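Asker: Numbering (the working numbering), first residue to last: 719 to 1115.
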Ligand code: NAD
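#1: Would you call residue 946 buried or exposed, if buried means 16 or more other Cβ atoms sit within 10 Å of its Cβ?
#2: Measure the beta-carbon distance from residue 1086 to residue 818 and round it to whole angstroms, keeping in mind my assumption that it falls under 8 Å.
#3: Report yes if the C-beta of residue 737 is less than 7 Å from at least one heavy atom of the ligand NAD; otherwise report no.
#4: With a threshold of 7 Å, establish whether the CB of residue 976 neighbours any heavy atom of the ligand NAD.
#5: On the criterion of 16 or more Cβ atoms from any shown chain inside 10 Å, does residue 811 qualify as buried, or is it exposed?
#6: Does the ligand NAD have even one heavy atom less than 7 Å from the beta-carbon of residue 811?
#7: Kindly indicate the opening and closing residues of the beta strand (DSSP E) around residue 1072.
#8: Short check: CB of residue 1118 to CB of residue 880, under 8 Å?
#9: Tell me where the alpha helix (DSSP H) around residue 745 begins and ends.
#10: To which residues of the same chain is residue 910 closer than 6 Å at the C-beta, ignoring the five residues directly before and after it?
#11: Quick check: what's the CA-CA separation for residue 915 versus residue 934?
#12: Go to residue 877, then tell me how far its beta strand (DSSP E) extends in each direction, as first and last residue.
#13: With DSSP run on the structure shown, which of helix, strand or coil describes residue 971?
#14: Whole angstroms is fine: what's the gap from residue 800's alpha carbon to residue 906's?
#15: If I follow the unbroken beta strand (DSSP E) through residue 872, where does it start and stop?
#16: When the Cα atoms are used, what is the spatial distance from residue 971 to residue 895?
#17: How would you call residue 726, buried or exposed, if buried means at least 16 neighbouring beta carbons within 10 angstroms?
#18: Is the beta carbon of residue 854 less than 8 Å from the beta carbon of residue 893?
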């Protein structure tokens, strides 16, 4: 079994899909690891560390030609990836239909970490969570280092400096980490999420929950889109908190939908010059009306950032966590012959987007405009695919 570790091709992507430590695990399993030369350098893992862990340093074409190919985001060229091999990474299956179609046409089995079920059993593989956690931390550091103010209160001979007032909107994995980080830096923190159960989590971190509308959610813990009335009520309730905030981090997302608008242009206009906003949802429509992906927008002295790949700013530890997520995922595919994609396995079946020349993930099929997979086990679609269709129905997305 050959595992290929790719150098990332997207600009600004400094993470890598394996570390010397996870390489050593694959070697212990009896797998041969081919690392593309320089793949880990930007994350602080030079080639010699992979060699010492038992890997071979190879060129890109050789790494792409492995049986299992690991990446952070999909490589820009798929030519050397063999039909029947497995590609694992953030493959953006709910947005990048061209990539999924190309992978399928080439007979590549695509395992996309965005589709890993968000269950307790799959926690060790949950790359969305591991990277969102780092993203929340990086957002807090970006906001703090861009602010012209100190975060903690300081009582000095030169006078008393009041603490920064921070507001965190959206309290999932990234928001909770952002709260914890700005609290550690000394800010007074207010936070809000549409899900009522987040109040307790916010308060347990020493922040105050903002009184704004909440709604019970029933989509596997994820938030749904709210109606116009609720959105208007949110804006009214949040407006005074936005006006008072020195630093705001927004993280609200709805899987597969544009991000909800939480801060309007009118609300930004009430903020003090020198205030900072980091909109972590800028890449999916934005929580803040004026934010732009990967650009700083200055609205009358309020600096609004829209970073779309914060985990890549902390590449060493982001890679360590991501690489461990991949080991936990691949561990489930091990068998006596080395490796098997068992579509009946809830986690592997739910994570597999394409296999044996079919797009098997129900939600991806829907987004590609493909009809529901009709199963005829005796024909071209094999039984494995047929069974996977049943097991992946209704799985987490
Ligand atoms: P996410 O990135 O999809 O969204 C971030 C936050 O935005 C969420 O907390 C969501 O409620 C909030 N949000 C969405 N619309 C909003 C609106 N209009 N106003 C205010 N807030 C809004 O979330 P995530 O961090 O991926 O977590 C999603 C859920 O999955 C959470 O319930 C989390 O606890 C759960 N989860 C479970 C597991 C597990 O069981 N293994 C692992 C990770 C996450």
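Here a beta-carbon is modelled for each residue, glycine too, at the ideal position from N, C-alpha and C.
Nothing here was measured: the structure is a model prediction, and the numbers come from that model.
Answerer: Based on what the coordinates show:
#1: Residue numbering aside, residue 946 sits at position 228 when the chain shown is read from its first letter. Residue 946 comes out exposed.
#2: Stepping through the chain shown from its first residue, residue 1086 is reached at position 368. Stepping through the chain shown from its first residue, residue 818 is reached at position 100. Correct: roughly 7 Å between the Cβ atoms.
#3: As a working note, residue 737 is residue 19 in the chain shown. No.
#4: What you label residue 976 is simply residue 258 of the chain shown in a count that begins at 1. For the ligand NAD, not one heavy atom lies less than 7 Å from the Cβ of residue 976.
#5: Reading the chain shown from its first residue, position 93 is the one you call residue 811. Under this definition residue 811 is a buried residue.
#6: Translated into positions along the chain shown, residue 811 becomes position 93. Result no, Cβ not under 7 Å from the ligand NAD.
#7: Residue mapping note: residue 1072 aligns to position 354 of the chain shown, counting from 1. Where residue 1072 is concerned, the enclosing beta strand (DSSP E) stretches over 1070 to 1073.
#8: Nothing about residue 1118 can be read from this structure; the chain reaches only from 719 to 1115.
#9: Position 27 of the chain shown, counted from the start, is the residue given in the question as residue 745. First-last of the alpha helix (DSSP H) with residue 745: 738 to 746.
#10: Counting from 1 along the chain shown, the entry for residue 910 is found at position 192. If we look at residue 910 and ignore the five residues flanking it on each side, its Cβ neighbours are 887, 928 and 930.
#11: Taking the first residue of the chain shown as 1, we reach residue 915 at position 197. Taking the first residue of the chain shown as 1, we reach residue 934 at position 216. C-alpha separation (whole angstroms): 8 Å.
#12: The residue you call residue 877 lines up with position 159 of the chain shown. Segment 877 to 879, the beta strand (DSSP E) holding residue 877.
#13: Mapped onto the chain shown, residue 971 falls at position 253. Residue 971: coil per DSSP, three-state reduction.
#14: Here residue 800 refers to the residue found at position 82 of the chain shown. Here residue 906 refers to the residue found at position 188 of the chain shown. Roughly 54 Å separates the two Cα atoms.
#15: In the chain shown, residue 872 corresponds to position 154, counting from 1. Where residue 872 is concerned, the enclosing beta strand (DSSP E) stretches over 872 to 874.
#16: As a working note, residue 971 is residue 253 in the chain shown. As a working note, residue 895 is residue 177 in the chain shown. Roughly 15 Å between the two C-alpha positions.
#17: Here residue 726 is taken as the residue at index 8 of the chain shown, counted from 1. Residue 726 is buried by the Cβ-count criterion.
#18: Residue numbering aside, residue 854 sits at position 136 when the chain shown is read from its first letter. Residue numbering aside, residue 893 sits at position 175 when the chain shown is read from its first letter. Contact: yes.
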